[in-house]
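**Q** Taken in order, these protein sequences are the chains called X and S. UniProt numbering puts the first residue of the first sequence at 1, with every later residue one more than the last. UniProt numbering puts the first residue of the second sequence at 1, with every later residue one more than the last. In this text, a Cβ means the ideal position worked out from N, Cα and C, and glycines have one as well. Quick one: this structure, given as structure tokens, is what I'll be asking you about.
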Amino acid sequence: MKPEPGTVCPPLEFTPTRVQLFRFSAVTWNSHRIHYDQEHARAEGFPDVVVQSTLHGEMFARTVLRWAGPGAVLRRVEWRNRASAYADVPLTFSATVTAVREAGEGHLVELALTGTAAEGTVCAAGTVEVYVPSG
Amino acid sequence: MTGDPLEEVRARAARLRGRTERVRLGRITVRDLCRYAIAVGDDGYAVAARAAEAADRPVAAPPMFLTGILSWQDGPPEGELRPDGLGVRESPCTEGLPVRQVHGGQAVRLLAPVEAGMTIHAERSLTGADRKRGKAGDFVVLGLRTEYFDEAGTPLVVSDESVIVLGDADEA
């Protein structure tokens, strides 16, 4: 692969279910009730249980690694949460190449990230750096 | 304690600046990694990881595994959780205060591969506490750094995250 600035990765479509949010909370030992207790989430002003911030980070990483292919190595991921995302609302994770530089037998590639809810709200945005081997 | 909960958060944060807490994560197992992957819908990872384990090949962790785990502690017991469900340790500087918190974002630097079988520890420190003003009122942004190391002390991952602490209108 020879990445070029402006290249758009295939987006990752992901609709987090309530069961998935519960299991992610369980496996990450995150007992914050906004992620699994709808009544509590509403009391805090959210319409439904909230997608975990670190799940956004996971989806950003997968979006980029799926595009970068075998042998790719993630070097850095950073994102800021802009709006909450909720259970059963489809999300689209997108990445666009912004910079490429030679590195050993491959390239270090920077990409801009966005995680967008179905109605168009950007829930999270950030950047990533990934090493992509040549060939 | 000051009368303003957000100022109290800042005062507590100031007292913690410069201190580092060491956390023992323990030995990472293939099951830890597979459960994480399945929870995020990456079923293929678990199949490949179990095949690698059966063939005595190394099992690399999903890159975001370490930083995805909120707590490596056994507890706390349910009766010691805050009203929002968080443990005191996951909600630094806020114990007993009428505030709530949300995650602001994270920057993760991956320095070396993490594999099943490694014994890992982390060093955690508070890096900042800035009061800001938003549309819905004041809030404090806490900066937290967590650095992860293997048993030989090799740096594996560095995470800088921001936690936003908001005044709780219902309790204020």
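Answer yes if the segment 63-72 of chain S comes into contact with the segment 84-92 of chain S, meaning at least three C-beta pairs across the two stretches below 8 Å, and no otherwise.
**A** Result yes; three or more Cβ-Cβ pairs closer than 8 Å.
**Q** Starting from the N-terminal side, write out each stretch of the beta strand (DSSP E) that is 3 residues or longer and does not extend beyond the segment 46-94 of chain X.
**A** 73-81
**Q** Buried or exposed: where does Asp88/X fall if 16 or more other Cβ atoms within 10 Å of its Cβ makes it buried?
**A** Within the first sequence, the letter at position 88 stands for residue 88/X. Exposed, by the Cβ-count rule.
**Q** By the three-class DSSP mapping on this structure, what secondary structure does Ala116/S have?
**A** One-based indexing of the second sequence puts residue 116/S at position 116. Coil.
**Q** Given that Ala61/X touches chain S, what residues does it touch there, using C-beta distances under 7 Å?
**A** Taking the first sequence and counting its residues from 1, the one referred to as residue 61/X is at position 61. Simply Pro63 and Met64.
**Q** Kindly indicate which three-state DSSP category Pro77/S falls into: helix, strand or coil?
**A** The residue labelled residue 77/S in the question sits at position 77 within the second sequence. Coil.
**Q** Against His103/S, what residues of chain X qualify as contacts under a CB-to-CB distance less than 7 Å, listed in chain order?
**A** For the purposes of this step, residue 103/S is taken as residue 103 along the second sequence, with counting starting at 1. Within 7 Å Cβ-Cβ: Ser53 and Asn81.
**Q** Have a look at Glu151/S and Ala122/S and give me their C-alpha separation to the nearest angstrom.
**A** By 1-based counting over the second sequence, the position of residue 151/S is 151. By 1-based counting over the second sequence, the position of residue 122/S is 122. Glu151/S and Ala122/S: Cα-Cα distance of roughly 11 Å.
**Q** In whole angstroms, what separates the C-alpha of Gly137/S from that of Thr116/X?
**A** The residue given as residue 137/S occupies position 137 in the second sequence. The residue given as residue 116/X occupies position 116 in the first sequence. Distance between the alpha carbons of Gly137/S and Thr116/X is about 26 Å.
**Q** In angstroms, rounded to a whole number, what distance separates the CA positions of Arg33/X and Val8/X?
**A** Sequence index remark: in the first sequence, residue 33/X carries index 33 (1-based). Sequence index remark: in the first sequence, residue 8/X carries index 8 (1-based). Spanning the two alpha carbons is a distance of roughly 36 Å.
**Q** Who are the neighbours of His32/X on chain S, taking C-beta pairs under 7 Å?
**A** Residue mapping note: residue 32/X aligns to position 32 of the first sequence, counting from 1. By Cβ distance, chain S contributes Asp84, Gly85 and Leu86.
**Q** How long is the line joining the alpha carbons of Val49/X and Arg42/X, rounded to whole angstroms?
**A** As a working mapping, residue 49/X is identified with position 49 in the first sequence. As a working mapping, residue 42/X is identified with position 42 in the first sequence. Distance between the alpha carbons of Val49/X and Arg42/X is about 8 Å.
**Q** Since Gln38/X meets chain S, which of its residues come closer than 9 Å, beta carbon to beta carbon?
**A** As a first step, residue 38/X is located in the first sequence; it is residue number 38 there, counting from the start. Here the premise fails: no neighbours, minimum Cβ distance about 13 Å.
**Q** If you measure from the beta carbon of Pro11/X to each beta carbon in chain S, is any gap under 8 Å?
**A** Here residue 11/X is taken as the residue at index 11 of the first sequence, counted from 1. For Pro11/X, the answer is no, since every Cβ of chain S falls outside 8 Å of its Cβ.
**Q** Determine, using beta carbons only, whether Leu66/S and Val157/S come nearer to each other than 8 Å.
**A** Reading the second sequence from its first residue, position 66 is the one you call residue 66/S. Reading the second sequence from its first residue, position 157 is the one you call residue 157/S. Their beta carbons are under 8 Å apart, which means Leu66/S touches Val157/S by this criterion.
**Q** Check each residue of the segment 28-57 of chain S: if its Cβ is closer than 9 Å to any Cβ of chain X, include it; give the result in chain order.
**A** Asp32, Arg35, Tyr36, Ile38, Ala39, Val40, Gly41 and Asp42
**Q** So, at 7 Å on beta carbons, what are the nonlocal neighbours of Val132/X in its own chain, with the 5 sequence-adjacent residues on each side left out?
**A** Start at 1 with the first residue of the first sequence, and residue 132/X comes out as number 132. So the qualifying residues of the chain are Met1, Pro3, Ala68, Ala72, Gly106, His107 and Val109.
**Q** How far does the beta strand (DSSP E) with Thr127/X in it extend, from its first residue to its last?
**A** For this step, residue 127/X is matched to residue 127 along the first sequence. For Thr127/X, the enclosing beta strand (DSSP E) stretches over residues Val122 to Pro133.
**Q** What in chain X is Cβ-close to Val108/S, meaning under 8 Å?
**A** The count along the second sequence starts at 1 and reaches residue 108/S at position 108. The contacting residues are Gly57, Arg76, Val77 and Glu78.
**Q** Taking the Cβ atom as the reference point for each residue, do Glu11/X and Ser134/X lie within a distance shorter than 8 Å?
**A** For the purposes of this step, residue 11/X is taken as residue 11 along the first sequence, with counting starting at 1. For the purposes of this step, residue 134/X is taken as residue 134 along the first sequence, with counting starting at 1. The residue you asked about is not Glu; residue 11/X is Pro in the sequence shown. No.
**Q** List the residues of chain S whose Cβ lies closer than 7 Å to the Cβ of Arg23/X, in chain order.
**A** The count along the first sequence starts at 1 and reaches residue 23/X at position 23. For Arg23/X, the neighbours in chain S by C-beta distance under 7 Å run, in chain order, Ala39.
**Q** Please say whether Gly96/S and Ile164/S have beta carbons closer to each other than 8 Å?
**A** Working through the second sequence from its first residue, we reach residue 164/S at position 164. Working through the second sequence from its first residue, we reach residue 96/S at position 96. No, the Cβ-Cβ distance between Ile164/S and Gly96/S is not below 8 Å.
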